[in-house]
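Participant: Before I ask anything, here is the structure I am working with.
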Amino acid sequence: MLRAAAACLFVLAAALPARAADLNDYPTSARADYVFGCMKANGDSRQALEQCSCSIDIVASILPYERYVSAETVASMDQQAGQIGSLFRNSRLAKEALEDLRRAQAEAQVRCF
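So in this note's numbering, the last spot in the sequence shown is 261, and the numbers never skip.
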């Protein structure tokens with residue numbers, strides 16, 4: 149009976165969606181790239197390093213890495229003029245990915261800066 153209950157709990161735990169914080173799936177290079185860009189925007193100081201490191205940790209705890217990459221791609225393509233940029237600006241999925249990133253960054257802003 150105990151084994152059956154343990155097996156059932158294991159199956160339920162495996163079926164639960166993983167939170168981004170549980171995954172810790174951001175490669176170091178992605179975290180460093182975020183921190184470098186953030187520091188350039190916030191003053192290249194020791195305080196900016198601390199705040200920007202905190203910021204990527206918060207973003208990573210909210211968004212799985214795949215979603216972050218999608219949102220960053222949309223953000224960079226959104227800057228493009230013409231048809232290519234328009235495809236990204238007008239796509240529902242692209243807008244949702246970008247909104248997710250903006251919400252995560254807003255939470256990071258509140259908690260880290």
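Note that CB positions come from ideal geometry on N, CA and C, so glycine has one too.
(1) Indicate whether V183 and C202 have their beta-carbon atoms separated by less than 7 angstroms.
(2) Using CA atoms only, rank isn't needed, just tell me which of Q257, E244, M187 is closest to Y216.
(3) Is there contact between the segment 208-215 and the segment 226-233, where contact requires at least three CB pairs shorter than 8 angstroms?
(4) So, at 7 angstroms on beta carbons, what are the nonlocal neighbours of D173 in its own chain, with the 5 sequence-adjacent residues on each side left out?
(5) Within a Cβ cutoff of 6 angstroms, which residues of the same chain sit near A256, ignoring the five residues on either side of it in sequence?
Facilitator: Taking the structure as given:
(1) With a cutoff of 7 angstroms on beta-carbon distance, V183 and C202 are scored as not near each other.
(2) Nearest of Q257, E244, M187 to Y216, Cα basis: E244.
(3) Contact between the segment 208-215 and the segment 226-233 is absent, because fewer than three Cβ pairs lie under 8 angstroms.
(4) Cβ contact annotation for D173 (same chain, cutoff 7 angstroms, sequence separation greater than five): P212, Y213, in chain order.
(5) Shown here for A256: same chain residues with a beta carbon closer than 6 angstroms to its own, the five before and five after excluded, namely S203, I206, V207 in chain order.
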